[in-house]
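Sequences listed follow chains A and B, in order. Going by numbering that gives the first Met the number 0, the first residue of the first sequence is number 0, and it counts up by one from there. Going by numbering that gives the first Met the number 0, the first residue of the second sequence is number 0, and it counts up by one from there. Even for Gly, the Cβ is constructed at its ideal location relative to N, Cα and C. Report on one structure; see the data block that follows.
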Amino acid sequence: MESWIPLLLVLIPVLPLAGAALTAVLGRPVLAGRSHLPVVVGIAGSFLAAAGLVLAIHGSLPAGANLPGAGDSVNAGYERTVDLWNWAVIGGAYHQPAGPDAFVMRDFRIDVTLRADPLSAIMLAMVTFISLLVAVYSVGYMRGDRGYWRFFAYIGLFVFSMTMLVSVSNFLLLYVFWEAVGLCSYLLIGFWYERPAAAAAGKKAFLVNRIGDFGFALGVFLIWTAFGTLNFHDTLGADGRIVAGVLGEARLEGGSIGIGGGTATWICLLLLLGACGKSAQFPLHVWLPDAMEGPTPVSALIHAATMVTAGVYMLARCAPLLLATVDGQMAVALIGGFTALLGGLIALTQTDLKRILAYSTISQLGYMFLGLGTGTVLGATAGMFHLFTHAFFKALLFLGAGSVMHAMGGVVDIRRFGGLRRILPVTHATFLVGCLALSGFPLLSGFFSKDLILVAVHERAAESGSTGLYQWLYWSAALTALLTAFYTFRAFFSTFYGQKQIPHEAGGQAHEAPRSMLVPLVVLAVCAALVGGYFEVTHGFADYLQQTPSIAYLARQAPQPAATGGHREVMLTSAVIALAGIGLAAALYWPRRSAAADAARRAGQAVGFYQLSLRKFFIDEVYQVLLVWPGLAVARASDWIDQRIIDRLVNFVGRVPPAVGAAIRPVQNGLIPFYAVGMVFGLLVLLAAVLMGWGWLGT
Amino acid sequence: MTLTSPPILLSLIVFLPALGALLVGLSPKARDELAKQIALAFTVLVLALTVYVAIPAPADPGAIAPSGPETSSRFVVGAGQMQRAFSIPWIESFDIYYALGIDGISLPLVLLTSFLSVLAMAASWSISRHVKAYCVLFLLLETGMLGVFLALDFFLFYVFWEVMLLPMYFLIGVWGGPRREYAAIKFFLFTMFGSVLMLVAILALYFSSDLNRLDKSQLAAAKVHTSVLKEHDPGGPPLHTFNLLALAEQGQAKDSPFSAELVWGKSIQWWVFLLLLVGFLVKAPSFPLHTWLPDAHVEAPTPISMILAGVLLKMGGYGIIRICYPICPAAAYELAWLVCTLGVVSMVYGALAAMAQKDFKRLVAYSSVSHMGYVVLGLGVWTITAQTGMSGDYWKMGMNGAMFQMIAHGISSAGMFFLVGVVYDRVHHRDLDRFGGLFGKMPVYTGVSMVIFFAALGLPGLCGFIGEVLVVLSVWNYSQALAVIAAFVMILTAGYILWTIQRVYLGPEYKGPHGDALRPMTRRELAIAAPLLAFAILLGVYPKAVFNYMAPSVDRTVDALAAWAAESQDPITGAIGSGASAPPGSAGLASLRPDGPWKEVEQP
């Protein structure tokens with residue numbers, strides 16, 4: 000099986016790209032309503048290849064050594080790389096000290112290299128699977144849209160970029176595809192370009208991401224200066240020696256990442272800024288809710304399940320770097336924990352179904368950051384596990400919301416519809432599964448993955464010598480779980496229960512979605528219900544993931560917190576919290592016309608905090624005042640300086656020669672006696688100069 | 000001498016356009032179409048010749064340094080030195096020679112020039128007034144541009160520099176927009192100002208140069224004409240020269256004749272460097288010498304804007320890398336901070352000013368100021384410091400990045416000006432607030448525009464990215480503060496470009512006049528845009544295509560300067576180029592090692 004890996008690695012990104020290219024060229028003139036075919040087929044092939052890759056890697060893993068601590072043998076993890084072509088090389092661009100009075104010259108060399116390891120394989124399988132379902136769903140959802148072919152071309156391009164993002168083996172190329180998925184996101188948010196709000200949201204998403212990318216780029220530069228390579232994996236240098244990649248075996252097996260102190264912290268903080276941009280973490284989370292202007296399948300695919308998890312993926316990949324700096328870990332955990340709470344608080348009061356889900360995504364991504372921020376192997380595994388399960392249930396919820404919008408004529412305001420469970424029975428059932436999974440209802444997938452994160456934080460908090468930060472984060476995460484359950488079911492009950500209410504946009508013929516939309520919903524619902532439990536029982540996910548070099552390093556090097564035995568308590572607590580949240584939401588929103596519930600809701604709205612949450616803590620407004628306006632003002636000032644000062648100065652200089660000419664023109668008055676007098680005076684001056692010994696005049 | 004020998008072929012490249020101009024001049028009156036066709040045919044012919052030169056020649060040793068006269072003009076890829084160079088007496092009494100040659104620095108720019116000339120000529124079909132004169136001037140302009148990039152004699156370089164100036168003046172002043180006369184005279188005076196300073200510098204160099212200080216092998220390497228070799232007499236009276244390679248050899252010699260003090264305690268080369276720098280930075284254009292550019296661009300007709308942004312701006316960068324640095328290394332080292340600072344200021348300032356523009360073309364013009372700032376910055380990074388023992392190797396990255404950025408900007412800026420021209424031809428205004436909704440009316444045009452604008456934005460996978468990343472990465476090692484500012488510019492760039500896209504292409508409907516004139520692109524327009532589009536993508540996906548040609552020569556230039564710095568490094572202070580010659584035995588890269596110079600000081 001192992002010999003298939005190179006081929007599979009290449010096929011996974013190439014098939015969607017080929018589909019996208021085909022659709023882009025033939026979509027408008029030839030394919031028209033069948034424009035989805037190349038892309039759907041391409042993604043399906045890509046998914047099969049990704050599934051094959053997961054199995055191929057699984058079959059190649061060394062047997063026996065796969066449980067951390069199972070034996071004395073060092074478990075370095077598994078990786079395979081495939082070199083495609085050399086992208087750029089600048090000779091001798093780095094001087095690496097190699098002893099007291101010698102140094103090695105290193106090339107700045109970027110190869111297009113794809114890698115296969117468990118982390119990449121999981122991401123690839125997840126991304127292509129969700130993409131396939133979303134693409135199938137879009138066949139129904141986007142039918143009849145003027146830009147049908149354009150939509151599928153973009154989707155194909157996105158799947159290509161995203162699969163490349165998780166399979167490249169180099170920080171610079173990671174950055175390249177990081178931007179490429181950002182571009183796809185930009186194009187798809189602004190897909191309905193004629194809507195000003197969509198165009199503005201696309202721009203905002205790209206710009207906010209650029210701020211993150213700015214940090215990411217600086218982080219990459221710092222990695223280059225610190226390591227002299229940007230490769231994850233080891234390579235053979237021109238001198239025949241192994242160049243240890245940043246995250247390669249040669250470095251990781253040595254038991255040290257090779258940097259520490261300030262450098263490690265700075266690298267992690269800068270990468271974190273990049274991750275915050277892409278994964279919509281505070282303070283760069285503001286773009287994601289606006290991104291809901293895009294078509295709903297896009298929200299499900301890019302802005303919930305796949306692209307926004309790129310930041311989590313990167314931090315998991317860089318887990319060894321994170322391990323080198325406790326400050327970095329705490330920063331990641333703090334950002335994650337805070338964002339989780341912030342997202343939950345804002346989601347409480349939103350009335351736009353998609354925005355509720357968007358803030359929920361922000362919040363859940365915060366959980367993943369929190370898990371990675373513990374710096375333990377359990378935390379990293381839990382973060383990735385939550386990423387995995389979240390992809391299913393959040394994609395499900397968004398597609399469900401899309402189905403609701405489809406029936407409601409595009410209306411997303413939960414105040415304007417209600418009691419839809421009989422009209423949309425399949426959507427209702429699958430949406431319920433998604434909501435339960437998201438709220439952490441016992442035995443559904445979200446329950447297990449969120450629970451693992453809480454356990455990881457709990458263990459880290461119990462660790463001796465740990466600051467109180469993690470204890471606080473644990474309580475905040477638990478509170479967030481309560482909020483999650485509440486806002487999820489608030490949306491659910493408002494939509495599907497209570498008095499039947501259908502907006503006029505639906506045109507009086509609200510109906511369940513076509514089969515192409517329902518099949519993905521059902522498949523996702525089954526996954527959302529079962530994947531968590533399956534992997535919880537089999538331990539398959541954790542064991543597999545820990546064969547990734549980065550995670551394996553964590554397993555060996557990270558301090559293993561003593562088992563506190565609190566696992567069951569944590570599990571019980573979170574189950575109770577989830578049920579409490581659901582119960583509260585049911586009490587307030589299920590019986591729509593109950594006087595007591597109305598009174599309670601009104602009382603809640605009277606609290607000042609309600610307004611704060613509704614207005615998203617005014618973060619957008621603060622940015623507008625602090626960043627956008629000053630930025631534009633400086634731009635205008637530059638323009639003013641250019642026109643009024645520099646250019647006037649230039650024009651002034653231009654006017655000097657004519658002015659001088661005009662000033663001395665009277666001298667040329669044509670009177671011979673005047674010239675004669677001038678000559679005499681000149682002679683006198685020269686004579687005086689010579690007599691007084693001003694030698695320099697003479698020579 | 001065969002047709003493919005360098006003196007013939009390189010001269011053909013330079014003078015074919017002039018010949019074409021003559022032919023156009025002789026063509027019958029009132030046959031505008033014919034004039035355009037002749038002009039286009041000649042630009043295509045020149046492109047074919049330059050492409051022929053760029054076809055890699057077999058890399059046998061004789062191809063680079065032949066014993067007899069060369070018969071092939073094809074470029075040897077992977078060799079860094081000046082190739083296919085020749086020297087023919089022109090004004091011998093003043094040591095002026097007609098000397099041309101190609102290396103990895105000039106060849107990509109020559110290709111860019113001939114490539115953009117074809118596209119710009121094809122874009123000139125909308126010119127309807129004085130077509131014959133237009134074609135004549137256009138072709139003369141091409142001769143000037145190609146001559147500048149190929150000339151190896153400083154005087155010849157200057158002649159071509161001036162040859163290029165005059166047609167440009169008329170092309171803006173006659174065929175431009177409403178304020179064309181103001182813009183043309185401004186362009187002319189600015190460039191003239193730079194030229195005069197350059198002329199002073201050329202003369203200063205000429206009169207302080209002395210070929211007798213070089214040995215025979217150096218003279219041969221500099222492709223000095225054989226008649227000079229006969230006069231060569233170490234110890235004899237000074238033998239002045241305009242030969243750029245020979246001047247560089249002298250500038251990098253241990254006891255350079257240019258290190259003599261001139262005024263105010265500064266050496267000849269310090270002053271020369273400053274004068275040349277000003278001359279080249281006017282062209283680049285760099286803050287604060289850039290204000291001619293927005294005016295010139297706004298008034299110039301579309302094809303001339305393409306040439307102006309795509310080729311003329313590159314001459315500034317080319318002059319710095321070909322002339323300033325090799326000939327005046329000590330001054331360059333001393334003034335590296337100035338070059339870098341101007342580069343960064345241009346980047347930030349250009350981006351900010353672009354953001355405030357209301358005129359589409361002005362916006363693109365300011366984006367050029369910002370993007371060319373990367374070039375200046377990348378060229379300026381010189382990190383040879385005694386403290387860290389680094390050699391100029393980071394600088395290689397900066398210079399390669401700057402060179403790549405020049406090519407990439409040539410593609411993207413020419414593309415942007417062309418695209419602005421396409422929409423201007425239809426609606427006759429450029430007010431950014433009165434566009435919108437072009438996506439719906441001109442989908443193909445919008446698609447092409449998006450790619451080109453994103454290339455300018457520096458999106459990875461397109462041509463603008465590589466140059467920027469290499470420059471910023473190398474600046475990181477020179478000064479982290481500058482690098483952070485430079486990296487910050489990418490946010491500003493994204494800001495103004497995305498805002499432009501939003502205002503022009505997106506939105507519900509077109510808000511300006513002549514809305515019904517917004518027809519899809521014509522075939523001719525597509526044929527011009529398609530090659531730009533293709534190269535914007537190709538260079539982003541496979542930048543090595545350019546680096547293969549460029550890197551050896553850039554590396555060679557930097558290595559030579561690094562070796563110079565190693566030789567002239569003051570062993571005690573670590574200062575470079577202070578005029579004191581290095582102690583014996585510290586020659587070569589060895590002295591750059593962290594303990595190199597110090598060890599020798601500590602020894603009794």
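If you drop the 5 nearest sequence neighbours on each side, which residues of the same chain put their C-beta closer than 8 Å to that of I201(B)?
Within the same chain, I201(B) has close Cβ partners F153, F154, Y157 and F241.
Start and end of the beta strand (DSSP E) containing L261(B)?
Start and end: E260 to V262.
Would R316(A) pass as a contact of L246(A) if the rule is Cβ separation under 9 Å?
In contact: R316(A) and L246(A) (Cβ atoms closer than 9 Å).
Report back the beta-carbon spacing between V419(B) and R429(B) to the nearest angstrom; my notes put them in contact at under 8 Å.
Right, the Cβ-Cβ distance comes to about 7 Å (below 8 Å), so this counts as a contact.
If we ignore side chains and look at the alpha-carbon of each, how far apart do F41(B) and V13(B) end up?
Spanning the two alpha carbons is a distance of roughly 11 Å.
Based on the DSSP output, what are the partners of Q500(A) in its beta bridges?
The partner list for Q500(A) (beta bridge, DSSP) reads G417(A).
Note down the Cα distance separating A20(B) from P300(B), rounded to an integer number of angstroms.
One C-alpha to the other measures close to 19 Å.
If you draw a straight line from the C-alpha of T388(A) to the C-alpha of V456(A), how long is it?
Rounded to the nearest angstrom, the two C-alpha atoms are 19 Å apart.
Does the distance from the CB of S438(A) to the CB of L356(A) come in under 9 Å?
Result no, Cβ atoms of S438(A) and L356(A) do not sit closer than 9 Å.
Give, in chain order, every unbroken run of the alpha helix (DSSP H) that is at least 4 residues long and sits entirely within the stretch 424 to 474 of chain B.
Fully enclosed alpha helix (DSSP H) runs of 4 or longer: 437 to 440 and 442 to 456.
I'd like to know whether the C-beta of G130(A) is nearer than 9 Å to at least one C-beta of chain B.
The displayed chain sequence assigns Ser, not Gly, to residue 130(A). Not an interface residue.
For a test of your reading of the model: does the CB of F114(B) fall under 8 Å from any non-hydrogen atom of the ligand FMN? Yes or no.
Absent from the structure shown: the ligand FMN. Ligands present: none.
Between the stretch 280 to 300 of chain B and the stretch 74 to 84 of chain B, do three or more beta carbon pairs fall short of 8 Å?
Verdict: no, contact absent.
In terms of residues, what are the limits of the beta strand (DSSP E) holding W474(A)?
Here W474(A) belongs to no beta strand (DSSP E); instead the alpha helix (DSSP H) covers L468 to F495.
Would you mind telling me which residues of chain A sit closer than 9 Å to D268(B), beta carbon to beta carbon, in chain order?
Checking the sequence shown, residue 268(B) turns out to be Gln, not Asp. Simply none; closest approach about 25 Å.
In whole angstroms, what is the alpha-carbon distance linking D450(A) and A31(A)?
Going from the Cα of D450(A) to the Cα of A31(A) covers about 47 Å.
At what residue ranges does the stretch 159 to 203 of chain A contain a whole run of the alpha helix (DSSP H), taking only runs of 4 or more?
Runs found: 170 to 188.
Compute the distance between the beta-carbons of A406(A) and A505(A), then report whether it is under 9 Å.
Yes, the pair counts as a contact, with Cβ atoms nearer than the cut-off.
Does the distance from the C-beta atom of L376(B) to that of L481(B) stay below 9 Å?
It is a contact, given that the beta carbons lie within the stated cut-off.
According to DSSP, which residues form a beta bridge with R522(B)?
In the DSSP output, where bridge partners are listed per residue, R522(B) has none listed.
At 4 residues or longer, and completely inside the stretch 286 to 359 of chain A: list those alpha helix (DSSP H) runs for me, N to C.
Correct list: 286 to 289, 295 to 299, 309 to 316, 318 to 322 and 325 to 346.
Here's the rule I'm using: 16 or more other beta-carbon atoms within 10 Å means buried, otherwise exposed. How should D289(A) be labelled?
So D289(A) ends up on the buried side.
Does the beta-carbon distance from T348(A) to S612(A) come in below 9 Å?
The answer is yes: Cβ separation under 9 Å.
Relative to the C-alpha of L46(B), which candidate in R502(B), D358(B), P107(B) and G235(B) has its C-alpha closest?
The shortest Cα separation from L46(B) among R502(B), D358(B), P107(B) and G235(B) belongs to P107(B).
Which residues in the same chain as G610(B) place their Cβ atom closer than 6 Å to its Cβ, once the five residues preceding and following it in sequence are excluded?
This structure leaves residue 610(B) out entirely; chain B is present only between 0 and 603.
Return the CA-CA distance between S160(A) and A124(A), expressed in angstroms with no decimal places.
Rounded to the nearest angstrom, the two C-alpha atoms are 14 Å apart.
Would P325(B) be called buried (16 or more neighbouring beta carbons within 10 Å of its own) or exposed?
With 16 or more other Cβ atoms within 10 Å, it is buried.
Give me whichever residues DSSP pairs with R86(B) in a beta bridge.
For the sequence presented, residue 86(B) should be read as Ser rather than Arg. A98(B).
Under 8 Å Cβ-Cβ, which residues of chain A neighbour W498(B)?
Per Cβ cutoff of 8 Å: K202.
Do the CB positions of T162(A) and V111(A) come within less than 9 Å of each other?
Contact: no.
Measuring alpha carbon to alpha carbon, tell me which of F368(A), A323(A), T537(A) and M306(A) ends up nearest S130(A).
The shortest Cα separation from S130(A) among F368(A), A323(A), T537(A) and M306(A) belongs to M306(A).
Using a Cβ-Cβ cut-off of 9 Å, state whether L138(B) counts as contacting chain A.
Not closer than 9 Å to any Cβ of chain A, the Cβ of L138(B) fails to qualify, so no.
Return the residue from the list F447(A), R614(A) and Q604(A) that minimises the CA-CA distance to G531(A).
Here the closest residue by C-alpha is F447(A).
Using a C-beta to C-beta distance shorter than 8 Å, which residues of chain A count as neighbours of M489(B)?
Going along chain A in sequence order, the residues near M489(B) (Cβ under 8 Å) are R209, D212, F213 and A216.
A150(B) by DSSP, collapsed to three states: which one?
A150(B) falls in the strand class under three-state DSSP.
Using a beta-carbon distance below 9 Å, is T487(A) in contact with chain B?
By this cut-off, T487(A) is not an interface position.
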